[in-house]
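**Q** Sending over a structure as structure tokens; questions will come in a sec.
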Amino acid sequence: MSYLHLAILAPLLLSIFMPFFYKRFHLIHTGWFVLPLPILLFLYFLSFIPITSTQKTVTESFNWIPSLGINFVAKVDGLGLLFALLITGIGALVVLYSIYYLAKNKEKLNTFYVYLLLFMGAMLGVVLSDNLIVMYAFWELTSFSSFLLIGFWYEREKSCYGAQKSMLITVFGGLAMLGGIILLYIMTGTFSMTEIMSQPNEIFHHDLFIPALLCILLGAFTKSAQFPFYIWLPDAMEAPTPVSAYLHSATMVKAGIYLVARFTPIFGESSVWFWLVAGVGLITLCWGSIFAVKQTDLKAILAFSTVSQLGLIMSLLGVGAFALHYEGLDDNIFTAATTAAVFHLINHATFKGSLFMAAGIVDHETGTRDIRKLGGLIHFMPITFTISMIGAFSMAGLPPFNGFLSKEMFFTAMVRVTEMNMFHLETWGISFPVLAWLASIFTFVYSMILVFKTFTGKFQPEKLDKKPHEAPIGMLISPIILVSLVIIFGIFPNLLSDSLISPAMAAILPSLLHAREAFEVHISFWHGPTIELFMTIGVIIMGLILYKTYPKWQKIFKVIPEKLSLNHVYDQTIKGSQTAANKLTNMYMNGSIRTYLVYIFAFLITLLTITLMWKKAFKLDSGNVSFIGVYEWVLAILVVVGSISILFVKSRMTSIILLGAVGYTVSLFYIVFRAPDLALTQLVIETISVALFLVCFYHLPKLRKFETRMRFKLTNALISLGVGSVVTAIALSAHSHKLFSSISQYYVENTYEKAAGKNMVNVILVDFRGFDTLFEITVLAIASLGIYGMIKLRLNRGKE
1 MSYLHLAILA PLLLSIFMPF FYKRFHLIHT GWFVLPLPIL LFLYFLSFIP
51 ITSTQKTVTE SFNWIPSLGI NFVAKVDGLG LLFALLITGI GALVVLYSIY
101 YLAKNKEKLN TFYVYLLLFM GAMLGVVLSD NLIVMYAFWE LTSFSSFLLI
151 GFWYEREKSC YGAQKSMLIT VFGGLAMLGG IILLYIMTGT FSMTEIMSQP
201 NEIFHHDLFI PALLCILLGA FTKSAQFPFY IWLPDAMEAP TPVSAYLHSA
251 TMVKAGIYLV ARFTPIFGES SVWFWLVAGV GLITLCWGSI FAVKQTDLKA
301 ILAFSTVSQL GLIMSLLGVG AFALHYEGLD DNIFTAATTA AVFHLINHAT
351 FKGSLFMAAG IVDHETGTRD IRKLGGLIHF MPITFTISMI GAFSMAGLPP
401 FNGFLSKEMF FTAMVRVTEM NMFHLETWGI SFPVLAWLAS IFTFVYSMIL
451 VFKTFTGKFQ PEKLDKKPHE APIGMLISPI ILVSLVIIFG IFPNLLSDSL
501 ISPAMAAILP SLLHAREAFE VHISFWHGPT IELFMTIGVI IMGLILYKTY
551 PKWQKIFKVI PEKLSLNHVY DQTIKGSQTA ANKLTNMYMN GSIRTYLVYI
601 FAFLITLLTI TLMWKKAFKL DSGNVSFIGV YEWVLAILVV VGSISILFVK
651 SRMTSIILLG AVGYTVSLFY IVFRAPDLAL TQLVIETISV ALFLVCFYHL
701 PKLRKFETRM RFKLTNALIS LGVGSVVTAI ALSAHSHKLF SSISQYYVEN
751 TYEKAAGKNM VNVILVDFRG FDTLFEITVL AIASLGIYGM IKLRLNRGKE
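Dropping the structure here:
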């Protein structure tokens, strides 16, 4: 295993020791033991920049299940490295922030950091895995760990609701993505992303191309909260603020963006891909920005703004796929859309992470996030106000911050779409810049609301739970670093051009590299009086008008009834599913064991009979049947007579004795067939069973008259005859259909030679089938621990 594999697994390995650190060093905040890891990983991944900046990749392979083509192949290219740096860099800042945000004497810090490390390792696995099955395993681990983080405060009903909603939606998308991965394997015969990307023409002309494309996009859209799957993200804000700053602004929600970018070389030339990615992205952008204005909770505003910004990046990736249709052009205008997507991906992580942290500071120091209760905090929290203003102005696309640059590039890409004469864009293309401009206006409005409704206006101390004051310096360090990057990347954007943006573009659009060494990326502030500049001026003017007149038009949101919302549809779907499931369950779960057995055996009879008939598998061949002697006939008759007699006796003691007699007779069969070990085992089991039954039944009351009457039930008779007949037919057919020679001779020849044992049965159980025996013991051990736990829990409750 290489250092790269260890870097991916390091957070998962460290999570194992978190409970120990928490218990052993309880006077120290557990976060201090976590913080060094993301810092070291960030520095480690920085060392790959000289490699990826020359369009090279680093690949390390670790064999896992080579027979199925599933190996842990870790690959670092420009795109993977960009995400790895975001995951570890933002992760380090979030851990530092959480040390001061979460009180060590009030929160279960060991649990929190275990979940956080699980998520960090899972995200690294997603973005650095070349094998799609391995990537899927990490993908679902992100859903599971985010579920735990969102529901961290599980005493709160809203936290549990948000965790469940995110789990259901993202896991649904993950399963769809798994279907797409399997379809890709059917088309290419490999799970390797590198090998799949080398066969774009074969995939494009395959009948399964569109189904695979749709399945992959379902996974991406659900993870990145695209319309209509965005509804889980606002409810996920019930998580602690460090979780929101990490998962829902810089990492988890970007996993879907990563998936679309990674699969662009495969699906990007399809018109279906363009319309779905660009179209859904624009709809999400508009929907999220409009509904962000409606919110009154700081984190709710940020949640819908995240939905909106993710839609922006997604639409840019969709438009950027146009570049694949112009292979060979040295100066392709649509590579600029991909440049904007990558650049805004970085910018969004900086300004949104700082805004979430600022919102957490306001909540932490005032006791509320409701903007209707806030106001006038600029005098008490000037540093937090500065952080919020820089982050919000960048999100609104105002100069001189980095958000302005990527927003201008976004406008450029949308305007260029109108110049195309393919995919019916000669008619529908005008909608792209119109929707982009409309969404940007509302982005400006909610950005202003976020800052000025919180920090300016009338101070309302009577509505606050705490007396406001500035946060401690430890809580301010992380957002200050992030807003510093907002300014630095805004003033010096080309710091990232050759080191991160160009290599990431090379990974997204590899077919356009050809002879050139890299994509030329140059980002600048001034391009003259362009249409994009006038669009920005229009955004500012309209945004200011709407912000100033907000009280007059905010009632428009009440026009749409709550019953028509997607959240209501989700709630009713879950409620309806639970009601239907309860009704269906109550139909057959009536508490009667006999009824359950009837269902089980009836299904067994039907399924096996249909299979035997459909496959024409029934066959009776007595040619290789051994001679049946007198002893076998006598023993068989005794077993039958003993079994039938149990049904007619009127005493529990007698029925137990007869049952024991049947068991002892079966042990005689083993002796006749020369299996003394089995006979001994059977005798021991029967003896213990009979003795235990006799002891228990001795203390039970005698059977009443109506309990001793034997009633004939046709259903029971049919089920019994059916099971017996089907099982007998299968046994005879299996014996008559011997496709291979018996394996018994192999054991005869190799028991002593390979296992150095003379007792064949013991050697088979311990050596040849050692794993079976080990797993059986493990199952028994787990069951024993479960029984012990339930008994202990019951005893403790009794004491209480």
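For what it's worth, the UniProt record's numbering labels the leading residue of the sequence shown as 1, then goes sequentially.
The C-beta atom is built at its ideal place from N, Cα and C for all residues, glycine as well.
In terms of DSSP beta bridges, what is V127 paired with?
**A** Answer is none; V127 lacks a bridge partner.
**Q** On the three-pair Cβ rule with 8 Å, is the stretch 668-677 touching the stretch 628-646?
**A** The stretch 668-677 is in contact with the stretch 628-646.
**Q** Would you decide whether L793 is buried or exposed? Buried here means 16 or more other CB atoms lie within 10 Å of its CB.
**A** Burial call: exposed.
**Q** Are G757 and V763 closer than 8 Å when you measure CB to CB?
**A** For G757 and V763, yes; Cβs fall inside 8 Å.
**Q** Taking only the alpha-carbon atoms, compute the straight-line gap between residue 811 and K294 and give it to the nearest angstrom.
**A** The chain is shown from 1 up to 800; residue 811 falls before or after that span and cannot be answered.
**Q** Excluding five sequence neighbours on each side, which residues of the same chain lie with their C-beta closer than 7 Å to the C-beta of A471?
**A** For A471, where only same-chain residues beyond five positions count, the Cβ hits under 7 Å are I361, H364, E365 and T384.
**Q** Take every Cβ of the stretch 518-527, pair it with every Cβ of the stretch 84-100, and state whether three or more of those distances are shorter than 8 Å.
**A** No: fewer than three Cβ pairs fall under 8 Å.
**Q** Decide if residue 803 is buried, meaning its Cβ has at least 16 other Cβ atoms within 10 Å, or exposed.
**A** Examination of residue 803 is not possible in this model, given that the chain is present from 1 through 800 alone.
**Q** Taking only three categories from DSSP, how would you classify N762?
**A** Helix, per DSSP.
**Q** Since F343 and L285 are thought to touch, with beta carbons under 8 Å apart, how far apart are those beta carbons, to the nearest angstrom?
**A** Incorrect: roughly 16 Å between the Cβ atoms, too far for contact.
**Q** Roughly how many whole angstroms lie between the Cα atoms of P211 and S224?
**A** Straight-line Cα distance between these residues: approximately 20 Å.
**Q** Determine, using beta-carbon pairs with one atom in the stretch 26-42 and one in the stretch 461-480, whether at least three such pairs fall under 8 Å.
**A** No, they do not touch.
**Q** Buried or exposed for L329, please, with buried defined as at least 16 other CB atoms from any protein chain shown within 10 angstroms of its CB.
**A** Bear in mind that the predicted position of L329 carries a pLDDT of just 44, short of 50, making it too unreliable to give a figure here.
**Q** If you draw a straight line from the alpha carbon of N110 to that of T368, how long is it in whole angstroms?
**A** If I take the Cα positions, the gap works out to 26 Å.
**Q** Do T142 and F172 have their beta-carbon atoms positioned less than 8 Å apart in this structure?
**A** The answer is no: Cβ separation not under 8 Å.
**Q** Quick check: the Cα distance between M422 and S447, rounded to an integer number of angstroms?
**A** So the two alpha carbons sit approximately 36 Å from each other.
**Q** Could you spell out where the beta strand (DSSP E) holding S61 opens and where it closes?
**A** Per DSSP, S61 belongs to the beta strand (DSSP E) from V58 to I65.
**Q** Taking the alpha helix (DSSP H) that F534 belongs to, which residues open and close that run?
**A** Its alpha helix (DSSP H) spans residues I531 to K548.
**Q** Could you spell out where the alpha helix (DSSP H) holding V134 opens and where it closes?
**A** Here the alpha helix (DSSP H) through V134 covers L132 to I150.
**Q** Taking the alpha-carbon positions, what's the Q554 to L450 distance?
**A** So the two alpha carbons sit approximately 15 Å from each other.
**Q** Apart from the five residues on each side of it in sequence, which residues of its chain come closer than 6 Å, Cβ to Cβ, to P11?
**A** Excluding residues within five positions, the ones whose Cβ falls inside 6 Å are L117, M120 and G121.
**Q** Compare the Cα-Cα distances from I39 to each of F62, V95, S15 and I49 and report the closest residue.
**A** The option with the nearest alpha carbon to I39 is V95.
**Q** Going by DSSP, what residue range makes up the beta strand (DSSP E) through K75?
**A** Here the beta strand (DSSP E) through K75 covers I70 to V76.
**Q** Looking only at its own chain, which residues have a Cβ that is under 8 Å from the Cβ of L85, when we skip the five neighbours before and after it?
**A** Counting only Cβ-Cβ distances below 8 Å, and skipping sequence neighbours, we find F42, F45, L46 and L500.
**Q** Please state whether DSSP places S192 in a helix, a strand or coil.
**A** Three-state DSSP puts S192 in a strand.
**Q** How is D370 classed by DSSP in three states: helix, strand or coil?
**A** Correct three-state label for D370: strand.
**Q** Considering V625, what are the terminal residues of the alpha helix (DSSP H) in which it resides?
**A** V625 -> no alpha helix (DSSP H), and no H or E assigned at all.
**Q** Of all the alpha helix (DSSP H) runs that stay within the bounds of the stretch 584-638, which reach a length of 4 or more residues?
**A** Segments of the alpha helix (DSSP H) lying fully in the stretch 584-638: 593-614.
**Q** Just the Cα atoms here: how many angstroms apart are I508 and L79?
**A** The straight-line gap from Cα to Cα measures roughly 7 Å.
**Q** What would DSSP say about D767, mapped onto helix, strand or coil?
**A** Helix.
**Q** Under the three-state reduction of DSSP, which class applies to D677: helix, strand or coil?
**A** Helix, per DSSP.
**Q** If you count every other CB in all the chains shown that lies within 10 Å of the CB of C215, and 16 or more means buried, which is it?
**A** So C215 ends up on the buried side.
**Q** Name the one or two DSSP bridge partners that D297 has.
**A** Looking at the DSSP assignment, D297 forms a beta bridge with D370.
**Q** My guess is that A303 and G320 are in contact by the Cβ rule of under 8 Å, so how many angstroms apart are they, rounded?
**A** The pair is not a contact, with the Cβ atoms about 26 Å apart (cut-off 8 Å).
**Q** Between D331 and V277, what straight-line distance do the alpha-carbon atoms span, to the nearest angstrom?
**A** No answer about D331 holds up, because its pLDDT of 47 lies below 50 and its placement is not dependable.
**Q** As an exercise, report each continuous alpha helix (DSSP H) stretch of at least 4 residues that is fully enclosed by the UniProt domain "MrpA C-terminal/MbhE" (714-792), in chain order.
**A** As far as the UniProt domain "MrpA C-terminal/MbhE" (714-792) is concerned, its whole alpha helix (DSSP H) runs of at least 4 residues are 714-736, 744-755 and 760-763.
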